[in-house]
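Residue numbers (the UniProt record's numbering): 1 to 235.
For each residue, glycine too, the CB sits at the ideal point set by N, CA and C.
Listed below in structure tokens is the structure:
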């Protein structure tokens with residue numbers, strides 16, 4: 001990373017205060033991290049819109065610092081829109097759903113009964129859990145995660161209280177997030193028709209379901225593969 005000129009939306013790398021505020025690291029530390037991961041992240045082609053190692057590191061650090069969905073980070077970092085177009089294309093290939101940039105859902109991670117406020121953690125199936133909100137992309141990567149709500153809390157409330165909701169209500173993303181009927185229909189959140197009464201509504205629901213099905217397995221995979229929470233001692 002060098003301290004050369006920046007675009008209006010990109011960070012000013014010559015401003016140490018801005019670097020620490022946005023990435024929690026200084027310029028020397030960011031360069032050190034980039035060198036550590038360079039063998040894994042270095043692009044092997046000379047594509048005009050390929051992200052440099054430094055850009056990938058800055059995007060990752062920004063996500064770790066604020067937990068904001070990658071679409072907002074990409075725009076604030078000045079990443080070319082071709083990157084977002086590739087995300088949309090991958091989703092379209094999954095199920096013919098245009099303009100999708102993510103899939104949102106909640107999954108219950110089972111836990112032992114906590115000693116305090118035990119009743120709040122009982123979900124609708126009568127088991128103790130934490131209700132985790134996940135946003136996934138077409139490659140099954142988790143791009144946003146909220147882990148702080150007990151199992152009795154509804155998915156829609158977790159969504160409304162999330163930073164993702166606040167951010168996208170103010171700064172609408174260039175695309176839509178697909179959700180099930182538990183979520184509200186918004187300009188940037190697409191849900192299925194409760195009842196498909198016309199052929200076009202049926203086609204929409206089918207495309208919506210196909211596109212959601214693969215990324216939606218991200219939460220299921222995480223919940224079933226990582227058993228540590230259910231084997232830990234009482235909280």
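What first and last residue would you give for the beta strand (DSSP E) that runs through residue i?
{"i": "residue 100", "result": "100-110"}
{"i": "residue 16", "result": "Note, residue 16: premise wrong, no beta strand (DSSP E); alpha helix (DSSP H) at 16-23."}
{"i": "residue 185", "result": "Looking at the DSSP string, residue 185 is not in any beta strand (DSSP E), and its letter there is neither H nor E."}
{"i": "residue 178", "result": "176-178"}
{"i": "residue 148", "result": "142-150"}
Compute the Euclidean distance between the alpha carbons of residue i and residue j, then round it to the nearest angstrom.
{"i": "residue 234", "j": "residue 87", "result": "The predicted model places residue 234 with a pLDDT of 42, which falls under 50 and marks its position as unreliable; any figure quoted below should be read in that light. Their backbone Cα atoms lie some 41 Å apart in a straight line."}
{"i": "residue 95", "j": "residue 156", "result": "25 Å"}
{"i": "residue 41", "j": "residue 33", "result": "11 Å"}
{"i": "residue 142", "j": "residue 112", "result": "25 Å"}
{"i": "residue 16", "j": "residue 52", "result": "21 Å"}
{"i": "residue 124", "j": "residue 151", "result": "8 Å"}
{"i": "residue 198", "j": "residue 26", "result": "57 Å"}
{"i": "residue 62", "j": "residue 100", "result": "23 Å"}
{"i": "residue 193", "j": "residue 176", "result": "16 Å"}
{"i": "residue 23", "j": "residue 145", "result": "19 Å"}
{"i": "residue 132", "j": "residue 140", "result": "16 Å"}
{"i": "residue 128", "j": "residue 109", "result": "8 Å"}
{"i": "residue 21", "j": "residue 56", "result": "18 Å"}
{"i": "residue 58", "j": "residue 30", "result": "8 Å"}
Under a Cβ-count criterion, where at least 16 other Cβ atoms within 10 Å of its own Cβ denotes burial, should residue i be classed as buried or exposed?
{"i": "residue 212", "result": "buried"}
{"i": "residue 121", "result": "buried"}
{"i": "residue 28", "result": "exposed"}
{"i": "residue 147", "result": "exposed"}
{"i": "residue 149", "result": "buried"}
{"i": "residue 19", "result": "buried"}
{"i": "residue 171", "result": "exposed"}
{"i": "residue 39", "result": "exposed"}
{"i": "residue 200", "result": "exposed"}
{"i": "residue 126", "result": "exposed"}
{"i": "residue 85", "result": "exposed"}
{"i": "residue 137", "result": "buried"}
Taking the continuous alpha helix (DSSP H) assigned at residue i, which residues delimit it?
{"i": "residue 116", "result": "Run containing residue 116: none; DSSP gives neither H nor E here."}
{"i": "residue 133", "result": "Unbroken run through residue 133 is the beta strand (DSSP E), 129-136; no alpha helix (DSSP H)."}
{"i": "residue 198", "result": "It is not in any alpha helix (DSSP H) - residue 198 carries neither H nor E in the DSSP assignment."}
{"i": "residue 31", "result": "27-41"}
- prompt: If we count Cβ pairs, one from each stretch, closer than 8 Å, do we get three or more for the stretch 103-114 versus the stretch 178-194?
  reply: Yes, they touch.
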